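Colleague: Chains as they are written, first to last, in this note's numbering: chain A, 1032 to 1308; chain B, 11 to 308. Submitted below is the structure of interest, expressed as C-alpha cells.
Structure, rendered in C-alpha cells:
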C-alpha cells in the first residue's frame, strides 16, 4: 500500500457515548436560550443550529485533495477543506444577503445556488487546467467506477499515484457541498439579522433605521465566523482530504453533524446573548 | 431600464477586476510559493535537495487573502469616512495591507527556512531582497482589484454588507479560487518539470523538485513567469466568472418572480458548467487514452 492509500482509517469509528453527550449539550444550550430569550431568540438559535448542520454536512461533499492533489498524486481540488468550503459558502452568503428582502426561502435558496455556482465554476476550471494545461485525465483513487457515469477509473490512474483531477461524481459532490454551505450560511445570517433588527433598537435606544448597518454587519460577521467554525470542525472529521460523496470517509458525517449542531448552538447562543442580556 | 444598464456596466467592470485579481493572486502565490505545492519546497531540503525557491506559506491562500483584503477594505473604509477621495482611500488602504503582506512574507521565509537549518538549507538574503518586492507588487494588484470591486458592489450596486466584510468574503473566495485552479499547475507542471508530461507525479519522486534553470539555479521569478501563462490565466478566468456571473444573475433576474428568476438562471448556469466539465472529462479520456489496459489495471 502506498503512502497516500495508507491514510488512517480508525478515525471513521463512531462513538455513541460522545454523540449522546453532544446531543445532551445541545439540549442544555437550547434550554438556556429558552430561559434567556424564549421567543425570537430560541427560534433564531434553532435556525442557526440548522444552518450550522447544513454547513457541516455540505463540507463532506466538497472534493479536496490538499497537497497531494497539487502534484497530481491524488484526486480532488488542491487546497484545504475548510478554505474551499468557506470560499464557496461565503460566495453564497454574499448572494443570499443580497436577496434577504425577498424572504427566508428565496434568500436561502439564492445563497445555496450562489455557493453551488462558485463550486461548479471552480471544479470545471480545475479539470480544465488538469486536462488542457497538464495533459492529465481525471481518475478516482477510491472507487473502480464512477457511481454516476459508470466510467472505469483504475486504468486512467498514472503510475505511482492515487488518481488525479476531478471525476464527475466529485464535480457533482462539489456543487452539492457548495449549495448546502451557501444555504446554511445564509440561513444563519437571516436568523441573526431578524433578531438584531427586532431587538437592537431597544437595546441601543436608537431608531430602527439607524440600527440597520450595525445589525447587518454584526449578523454578517457572526455568519462568517460560524461558517468557519463548522468548516474547520468538518475538516478534522474527514482528516484533511476527501474525494466526495463516494469516498469511504463520507460515512463519518453523523458524528460531524452532532458536533456542528453543538458548536453552532454554542456560538449562536453567544450571538443571541449580545441582545438578550 | 437605466438602472439595469448601469448595473450591467458595473457588473462587467467587477468581472474584469476580478479576472485581474485572480491572475495576480495565483502568480503572487507561485512566486512566493504559498499554498499546497509549498509542501514540496519545504520537503526538498529534507530529502537532500537544497534550493533557492522562496518559501512563505504562513497560511493557506484563502485565509491569507481574506486577511489582506479585509485589511485593505477596512482601511479604505476608514479613510473614506475621513472624507478622503475614494480612489486615494482604496490605494492607501491597499498599500498598508501590502506592507503587512510583506512582513508576513519576510518572516515566513526566514522562519520556515531557518527551521530547515539542520538539513543544510541556507537562508539566502538576496532571495528575500529580490522576491519579496515582486510578491508585494503582485499582492497589491490582487488586493487593489478586490477592494475596488467590493467598493463597486457596495457603493454602486447597493449590497448591504459593509466594505470590510465584503473584503473578507471576496478575499477568502479569491484565495479559494486561485489556489484551487492554480496550485496543480505550479505543483506538478513547474516544480516537477523533470517528470513525464501527462501524468501525475509518482509519490516516490516527492521532494525531488527542479532546482536548476537554463543558467544557474532556478528562482521563484522564473516560476511566476512560467505559471502565469496557464495557471494564472485560468485562476483569473475562474474568479472573474464567479464574480461576474454571481452579480450578473442578481442584477438582471432578481426582479423576475420575486427572486426566483435569479435562482433559475443560477441553476441553468450550474447545468451549463456541468455539461462543460463532463465534455472536458470525456475529451481527455478519449484523446489521452488509458495509461494501462483496463483488464490489467489495479
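In this text, a Cβ means the ideal position worked out from N, Cα and C, and glycines have one as well. Just so we're clear, the structure is a prediction, and the values are computed from it rather than from any experiment.
List, in chain order, every chain B residue whose beta-carbon is nearer than 7 Å to that of residue 1158 of chain A.
Modeller: Within the first chain, residue 1158 of chain A is the residue found at index 127, counting from 1. By Cβ distance, chain B contributes 287, 290, 291.
Colleague: Between residue 158 of chain B and residue 249 of chain B, what straight-line distance do the alpha-carbon atoms span, to the nearest angstrom?
Modeller: For the purposes of this step, residue 158 of chain B is taken as the residue at position 148 of the second chain. For the purposes of this step, residue 249 of chain B is taken as the residue at position 239 of the second chain. So the alpha carbons of these two residues sit roughly 15 Å apart.
Colleague: Along the alpha helix (DSSP H) that carries residue 1050 of chain A, what are the first and last residues, could you check?
Modeller: To locate residue 1050 of chain A, count along the first chain from 1; it is residue 19. 1047-1067 is the extent of the alpha helix (DSSP H) around residue 1050 of chain A.
Colleague: If the cut is a Cβ gap below 7 Å, which residues of chain A does residue 270 of chain B touch?
Modeller: Indexing the second chain from 1 puts residue 270 of chain B at position 260. Taking a Cβ-Cβ cut-off of 7 Å, the neighbours of residue 270 of chain B in chain A comprise 1137, given in sequence order.
Colleague: Which residue comes first and which comes last in the alpha helix (DSSP H) that contains residue 75 of chain B?
Modeller: Residue numbering aside, residue 75 of chain B sits at position 65 when the second chain is read from its first letter. 71-91 is the extent of the alpha helix (DSSP H) around residue 75 of chain B.
Colleague: Check the Cβ of residue 1169 of chain A against every Cβ in chain B and list those closer than 9 Å, keeping chain order.
Modeller: Here residue 1169 of chain A is taken as the residue at index 138 of the first chain, counted from 1. Here the neighbours are 290, 291, 294, 295.
Colleague: Does residue 278 of chain B pass the burial test, meaning 16 or more other C-beta atoms within 10 Å, or should it be called exposed?
Modeller: For the purposes of this step, residue 278 of chain B is taken as the residue at position 268 of the second chain. Residue 278 of chain B should be labelled exposed.
Colleague: Got a sec: is the Cβ-Cβ distance from residue 1252 of chain A to anything in chain B below 8 Å?
Modeller: In the first chain, residue 1252 of chain A corresponds to position 221, counting from 1. Taking 8 Å as the threshold, the shortest C-beta distance from residue 1252 of chain A to chain B falls below it.
Colleague: If you measure beta-carbon to beta-carbon, which residues of the region 1227-1252 of chain A are closer than 9 Å to chain B?
Modeller: 1243, 1244, 1247, 1248, 1251, 1252
Colleague: Taking the alpha-carbon of residue 1293 of chain A as reference, which of A:1087, A:1070, A:1044 has the nearest alpha-carbon?
Modeller: Sequence index remark: in the first chain, residue 1293 of chain A carries index 262 (1-based). The residue with the shortest Cα to Cα distance from residue 1293 of chain A is A:1087.
Colleague: Counting only the same chain and skipping the five closest in sequence on each side, list residues whose C-beta sits under 7 Å from that of residue 272 of chain B.
Modeller: On the second chain, residue 272 of chain B is found 262 positions in, with the first residue counted as 1. Answer for residue 272 of chain B: 259, 260, 263, 264, listed in chain order.
Colleague: Shorter than 8 Å from the beta carbon of residue 244 of chain B to some beta carbon of chain A?
Modeller: For the purposes of this step, residue 244 of chain B is taken as the residue at position 234 of the second chain. It does; some Cβ of chain A falls within 8 Å.
Colleague: Which word fits residue 136 of chain B, buried or exposed, when buried means at least 16 other C-beta atoms lie within 10 angstroms of its C-beta?
Modeller: Translated into positions along the second chain, residue 136 of chain B becomes position 126. Counting Cβ neighbours within 10 Å, residue 136 of chain B comes out exposed, since fewer than 16 surround it.
Colleague: Using a Cβ cut-off of 7 Å, which residues of the region 229-256 of chain B contact any Cβ in chain E, in chain order?
Modeller: Considering every chain present, this structure includes no chain E. Its protein chains are A and B.
Colleague: Decide if residue 1106 of chain A is buried, meaning its Cβ has at least 16 other Cβ atoms within 10 Å, or exposed.
Modeller: For the purposes of this step, residue 1106 of chain A is identified with residue 75 of the first chain, where counting begins at 1. Classification for residue 1106 of chain A: buried.
Colleague: Note the first and the last residue of the continuous alpha helix (DSSP H) segment covering residue 284 of chain B.
Modeller: For the purposes of this step, residue 284 of chain B is identified with residue 274 of the second chain, where counting begins at 1. Note, residue 284 of chain B: alpha helix (DSSP H), 270-298.
Colleague: Measure from the C-beta of residue 279 of chain B to each C-beta in chain A and report whether the shortest distance is under 8 Å.
Modeller: Within the second chain, the letter at position 269 stands for residue 279 of chain B. Residue 279 of chain B counts as touching chain A.
Colleague: Could you tell me the boundaries of the alpha helix (DSSP H) in which residue 193 of chain B lies?
Modeller: Locating residue 193 of chain B in the second chain gives position 183, where the first residue counts as 1. Looking at the DSSP string, the run of the alpha helix (DSSP H) that includes residue 193 of chain B is 173-194.
Colleague: Beta-carbon of residue 211 of chain B versus every beta-carbon of chain A: anything under 8 Å?
Modeller: The residue labelled residue 211 of chain B in the question sits at position 201 within the second chain. By this cut-off, residue 211 of chain B is an interface position.
Colleague: Sorted by chain position, which residues of the same chain lie with C-beta nearer than 8 Å to residue 1264 of chain A's C-beta, five sequence neighbours on each side aside?
Modeller: On the first chain, residue 1264 of chain A is found 233 positions in, with the first residue counted as 1. The answer, listed in chain order, is 1087, 1287, 1290, 1291, 1294.
Colleague: What do you get for residue 117 of chain B, buried or exposed, if any count of 16 or more other CB atoms within 10 angstroms of its CB means buried?
Modeller: Residue 117 of chain B sits at position 107 when you count from the first residue of the second chain. Result: exposed.
Colleague: Is it buried or exposed, residue 71 of chain B, if we count other Cβ atoms within 10 angstroms and call 16 or more buried?
Modeller: Your numbering for residue 71 of chain B matches position 61 in the second chain. By the 10 Å Cβ count, residue 71 of chain B comes out buried.
Colleague: Sorted by chain position, which residues of the same chain lie with C-beta nearer than 8 Å to residue 1137 of chain A's C-beta, five sequence neighbours on each side aside?
Modeller: Position 106 of the first chain, counting from 1, holds the residue named residue 1137 of chain A. Contacts found: 1130.
Colleague: Determine the direct distance from the alpha carbon of residue 162 of chain B to that of residue 229 of chain B, and round the result to whole angstroms.
Modeller: For the purposes of this step, residue 229 of chain B is taken as residue 219 along the second chain, with counting starting at 1. For the purposes of this step, residue 162 of chain B is taken as residue 152 along the second chain, with counting starting at 1. Between the alpha carbons of residue 229 of chain B and residue 162 of chain B lies a distance of about 37 Å.
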